[in-house]
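See structure below.
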Amino acid sequence: MSEPCFLCQAVAGEIDLPGGILWKDDRVIAFHSPPTHANPRPCIGQCMVVPRRHAQLADLTADEVESVIHASRALISALRAEGLAGVALDQVGPASGVGHYSVIVGARQGSHDEIDEFVNGLRAHL
Ligand SMILES: [Zn+2]
Numbered sequence: 007m008s009e010p011c012f013l014c015q016a017v018a019g020e021i022d023l024p025g026g027i028l029w030k031d032d033r034v035i036a037f038h039s040p041p042t043h044a045n046p047r048p049c050i051g052q053c054m055v056v057p058r059r060h061a062q063l064a065d066l067t068a069d070e071v072e073s074v075i076h077a078s079r080a081l082i083s084a085l086r087a088e089g090l091a092g093v094a095l096d097q098v099g100p101a102s103g104v105g106h107y108s109v110i111v112g113a114r115q116g117s118h119d120e121i122d123e124f125v126n127g128l129r130a131h132l
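Each residue of the sequence shown is one higher than the last, beginning at 7 in this note's numbering.
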């Protein structure tokens with residue numbers, strides 16, 4: 007049996023997401039990225055935009071791609087409104103070994119204690 011897909015679990019609400027869902031529509035969710043074993047320090051400014059369907063970019067519909075870009079743009083605007091000018095955008099695709107496409111919208115590192123305040127600040131701009 008293969009490992010469950012972390013992103014599908016996030017979409018299904020099966021894992022705890024620090025700060026909760028930031029953005030959602032019928033095709034996409036966006037949330038603050040929780041810490042992982044590979045990166046145990048939470049990334050306070052890192053948000054993930056994830057299609058609800060387990061698929062790579064090339065297999066997404068035009069509507070799904072549009073939702074990914076729309077949510078990414080909204081998060082970047084919210085990060086800017088919070089005064090974070092240096093926003094990076096990364097895509098996670100097949101080369102990462104993850105079969106579920108996602109976009110990471112990142113800004114800065116911070117402590118786990120700051121996540122709720124940070125995410126609530128973003129949410130006010132979305
Ligand atoms: Zn998945």
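Here a beta-carbon is modelled for each residue, glycine too, at the ideal position from N, C-alpha and C. Given the structure is predicted, the values throughout are model-derived calculations rather than measurements.
Asked: Own chain partners of residue 53 with C-beta closer than 7 Å, once the 5 adjacent residues on each side are dropped; Found: 28, 36, 37, 38, 39, 81, 111
Asked: Closer than 7 Å: residue 13 CB and nearest ligand 1 heavy atom; Found: yes
Asked: Residue closest to residue 129, alpha-carbon to alpha-carbon, out of 93, 86, 100; Found: 86
Asked: Host beta strand (DSSP E) of residue 21 (start-end); Found: Taken as a continuous stretch (DSSP letters only), residue 21 belongs to no beta strand (DSSP E), as it is neither H nor E.
Asked: Cα-Cα separation, residue 10 to residue 108; Found: 16 Å
Asked: Residue range of the beta strand (DSSP E) that includes residue 76; Found: No beta strand (DSSP E) contains residue 76, which is instead part of the alpha helix (DSSP H) from 68-87.
Asked: CB of residue 79 within 8 Å of CB of residue 58, strictly; Found: no
Asked: Start and end residues, alpha helix (DSSP H) containing residue 122; Found: 121-129
Asked: Contact test: residue 38 Cβ vs ligand 1 heavy atom, cutoff 7 Å; Found: no
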